[in-house]
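Report on one structure; see the data block that follows.
Chains as they are written, first to last, in the working numbering: chain U, 681 to 1145; chain R, 681 to 1145.
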């Protein structure tokens, strides 16, 4: 195992997700993406708390908990990494969800140590963390077999300083709170190389009743999630969405699967999929006392919830891209008129992951050759894309939103003249949008990515000189 | 179409493969990789010539031809890009090989303009180039229906200045030569962002006779070939291997397919597959007069040839990685004890393409967490890799070749103590080697990659400031 003392000083972000210090110096300030909300914006019946228990050297918040005050344990669903090297908390959360039949008492999250590649000791530590919280929560939760889910992010190959966690949890339970500041502290406890806490809230109407949703996530590097339901268990992007809507567990999992494909699984920073990626969604039904849970059979309500969850998850996922290591640009790659969502999504990801495209965006260069190239090598069945039907354009975004698009390629042929001056203006914005029309169907997909900058190399190159 | 005047000045490598100037300033000097050979090292019966016809602004060589003096047109096979946007020369060479039943009169190569995404005009220009050379070569070639193959590399979306090519070809035919300098000039005519000409030669024994092989290739960026036989036609890496061994066309194609998977298709610089990638192999049988052609039925000779071709192709392919844009490291990723070559190759490519791994190599950091992470997210059937059986080590290379390996991970568990001081010494070499043992079979694959440096971002970021 790498010794923390040396590791902390010398290993780069993948091994030092717990040491934000190295990062914040190098990255541009992103604090304008922080939003604070009033108390009524947060879902009812959820209580949270966070503290610095001693994992992070910086002294920053590194441990957080959440509990639901409802009599009926909250419905819970998860989407986790498909990396075959899955961290101990991923395994434990999967078992807890199956044992609790899709219900949970709450969760514990820690940053600074990923508890990944830690063998049996790692599993014991994850269980100890979970059990410590569960035993301090009202018995009814445990009675339903519902336990406390666990999430970890930080250094790989190191064991959790377990006593620091178990010693701190009782104090956290005593200070459980539903105030906006408590939620923001929980968001900070998720942070590793993140430069700002990622929290969003939304209120919408479901079945004639007003319900609320709050979401927190973290992640800046090693971001290219490919998550799936916990059976089979697989996903260092961490995210949680808590709502006071009442959704039955199976329906909640189904809605999450739909949402994740259109949000967290549609973002990329560096194309690297982590061992810890986990997104949880909790629905405690506390919006109105004794609210019956919605199932997939309640078509109208379920579809409304599914779409709200997907668009909210996309909003959260985009925050991760905005905070991408060294990122100076936020780029939406939209593929339209595709034969299917999957093909549209694969083509968009092929472009979004292209190092040549990402460096061109950094250089503010309308390099359609690289876009077309990446479309052309997408791993999809031969004949799916007809080169003579593909059109590419830049859609002005940011301050220029609404302006006419800049056409680069039409039906596989380059535009006779490209206005380089206008391209420079469009590409000078922080927000960029590329539209790729395959002219081969009616499905579409959006993928969000950032540019590839000198800062990315600096952050991850770990100079020894 | 982008105007050359502006494009030349401002667009980065993918659009300016014809303008080496922008590159050479930024990249480290790689001239120690240039090898010159005596006349007897080159295969008999091949004649070459190169010139500056006016495509490259720099005045560098940009047009080259090759012809075989043999009565029987040389057997020819090709492996080309699978990018759906395939350049005109890729289409034309494919048709010529099918029309000529695997035989060719010779080839024309130009650099500075890729003749890609150029529609019908592009096809007409590729045919005009081919026909101009064929008509100037001995009639017997044409009589066999064997034409002149074409290869182009350079700016995308621009038409060839066709008259400059057709006007220059007669002069080239007059100065066809077999001298070492002529071969080196041909290699230079292939160059775009390359910093050095890539030429290698080899002599070996086949069926008791001494035969020779010469190889030329080019490429520095947009390198992640995935080539296949010309039916269906599909590859900006360009390469040609000419041998005076006598191999029948079908056997030559079969040997090339085998060789390309173990060489050009096993290298990556930036994970981007070009629209022009093409590798040709020509076998004219001129080693000994009237040499009968080897078919796959001649098992012993065919296997010998196939293995020689594969190892020679790998040597050529590695030159491209050594010249990778901004590359400061040459990294071999070797996967052993895999269930199959394909799985070993996929796992090796997953690591070789990881931006986090490549930046770690640039930073000279023994970051096993990133290696393991990339192994874990390889897109292979679930259960193929058992995390508890995977071992990872650095094999000292370069000046340190032969020293004991540095173990990082054994059977999925990190080594208790990693000697960071020794890691720094091993990683300070230009040549690095990572060995990943899957413990799940007996197949293996080697993939060659380079690091991800600040220079890569500078070269491809096209500063406007």
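Every residue gets a Cβ at the ideal spot worked out from N, C-alpha and C, and that includes glycine.
Residue i in three-state terms, based on DSSP
i: residue 1058 of chain U; result: coil
i: residue 1140 of chain R; result: helix
i: residue 913 of chain R; result: Its pLDDT being 26, under 50, residue 913 of chain R is placed unreliably in this model, and the value from its coordinates should be taken loosely. Reduced to three states, the DSSP call for residue 913 of chain R is coil.
i: residue 929 of chain U; result: helix
i: residue 1092 of chain R; result: coil
i: residue 892 of chain U; result: strand
i: residue 743 of chain R; result: strand
i: residue 1130 of chain U; result: strand
i: residue 878 of chain R; result: strand
i: residue 1104 of chain U; result: helix
i: residue 756 of chain U; result: strand
i: residue 721 of chain U; result: helix
i: residue 971 of chain U; result: coil
i: residue 1033 of chain R; result: coil
i: residue 1073 of chain U; result: strand
i: residue 1001 of chain U; result: helix
i: residue 751 of chain R; result: coil
i: residue 942 of chain R; result: coil
Chain-order list of residues whose beta-carbon lies under 7 Å from that of residue i (same chain, five-residue window excluded)
i: residue 924 of chain U; result: 723, 724, 725, 891, 892, 964, 965, 966 and 967
i: residue 1122 of chain R; result: 1017
i: residue 884 of chain U; result: 891 and 988
i: residue 754 of chain U; result: 748, 783, 784, 962, 963 and 964
i: residue 889 of chain U; result: 967 and 968
i: residue 1083 of chain R; result: 1076
i: residue 1147 of chain R; result: Because chain R here runs from 681 to 1145, residue 1147 of chain R falls outside it and cannot be looked at.
Distance between beta carbons of residue j and residue i, contact taken as under 8 Å
i: residue 770 of chain R; j: residue 956 of chain R; result: 6 Å
i: residue 1128 of chain R; j: residue 1040 of chain R; result: That belief does not hold up - the Cβ atoms of residue 1128 of chain R and residue 1040 of chain R are roughly 17 Å apart, past 8 Å.
i: residue 793 of chain U; j: residue 735 of chain U; result: 5 Å
i: residue 727 of chain R; j: residue 866 of chain R; result: The pair is not a contact, with the Cβ atoms about 10 Å apart (cut-off 8 Å).
i: residue 993 of chain R; j: residue 1106 of chain R; result: That belief does not hold up - the Cβ atoms of residue 993 of chain R and residue 1106 of chain R are roughly 28 Å apart, past 8 Å.
i: residue 811 of chain U; j: residue 845 of chain U; result: With 8 Å as the limit, residue 811 of chain U and residue 845 of chain U do not qualify as a contact, their Cβ atoms being about 11 Å apart.
i: residue 659 of chain R; j: residue 943 of chain R; result: There is simply no residue 659 of chain R to check, as chain R begins at 681 and stops at 1145 in what is shown.
i: residue 1115 of chain R; j: residue 1011 of chain R; result: Rounded, the Cβ-Cβ distance is 12 Å, inconsistent with contact.
i: residue 713 of chain U; j: residue 999 of chain U; result: 6 Å
i: residue 787 of chain R; j: residue 760 of chain R; result: That belief does not hold up - the Cβ atoms of residue 787 of chain R and residue 760 of chain R are roughly 13 Å apart, past 8 Å.
Cβ-based neighbour list, residue i, same chain, cut-off 8 Å, excluding 5 preceding and 5 following
i: residue 1124 of chain R; result: 1014, 1015, 1016, 1017, 1018, 1021 and 1024
i: residue 1067 of chain U; result: 1056 and 1092
i: residue 1102 of chain R; result: 1086
i: residue 689 of chain R; result: Since pLDDT at residue 689 of chain R reaches only 28, below the 50 mark, its modelled position is unreliable, and no value is offered.
i: residue 1050 of chain U; result: 1034, 1036, 1037 and 1040
Residues of its chain near residue i, where Cβ-Cβ distance is below 6 Å and the 5 sequence neighbours each way are ignored
i: residue 848 of chain U; result: 731, 733 and 743
i: residue 702 of chain U; result: Any reading at residue 702 of chain U must be qualified, since the residue scores a pLDDT of 39, below 50, and its modelled position is unreliable; no value is offered.
i: residue 1032 of chain R; result: 948, 1013, 1127 and 1129
i: residue 983 of chain R; result: none
i: residue 1047 of chain R; result: 1040
i: residue 1045 of chain R; result: none
i: residue 1058 of chain R; result: 1026, 1027 and 1030
i: residue 975 of chain U; result: 928 and 931
Taking a cut of 9 Å between CB atoms, which residues from the segment 752 to 773 of chain U lie near chain R?
-> 761, 762, 763, 764, 765 and 766
Decide yes or no for the touch test of the segment 1093 to 1107 of chain U against the segment 997 to 1008 of chain U: beta carbon pairs closer than 8 Å, at least 3 of them.
-> no
For the segment 726 to 741 of chain U against the segment 850 to 870 of chain U, are there 3 or more C-beta pairs whose distance is under 8 Å?
-> yes
Chain U contacts from the segment 1084 to 1096 of chain R (Cβ-Cβ distance under 9 Å) | 1089, 1092, 1093, 1094, 1095 and 1096
Does the segment 757 to 768 of chain R come close enough to the segment 874 to 890 of chain R to have 3 or more Cβ pairs within less than 8 Å?
-> no
Evaluate the contact criterion for the segment 813 to 832 of chain U versus the segment 713 to 722 of chain U: three or more CB pairs, one atom per stretch, below 8 Å.
-> no
Against chain R: residues of the segment 832 to 843 of chain U by CB proximity under 8 Å = 836 and 837
Touch check for the segment 1066 to 1078 of chain R and the segment 810 to 821 of chain U: three-plus C-beta pairs under 8 Å?
-> no
Below 8 Å, can you find three or more Cβ-Cβ pairs linking the segment 925 to 945 of chain U to the segment 755 to 762 of chain U?
-> yes
Taking a Cβ distance cut-off of 7 Å, strictly less, list which residues of the segment 1057 to 1075 of chain U are near chain R, in chain order.
-> 1057, 1062, 1065 and 1067
The segment 1104 to 1121 of chain R touching the segment 1130 to 1137 of chain U, judged by at least three CB pairs closer than 8 Å | no
Return the residues of the segment 1017 to 1042 of chain R that lie within a Cβ-Cβ distance of less than 7 Å from chain U, sorted by chain order.
-> 1034, 1035, 1036, 1039, 1040 and 1042
Please list the residues of the segment 783 to 817 of chain R that have a C-beta atom closer than 7 Å to any C-beta atom in chain U, keeping them in chain order.
-> 797 and 799
Check distances from the C-beta atoms of the segment 1121 to 1135 of chain R to those of chain U and list, in chain order, the residues that come in under 8 Å.
-> 1132, 1133 and 1134
Residues from the segment 982 to 1002 of chain U in contact with chain R, defined by Cβ distance under 9 Å | none
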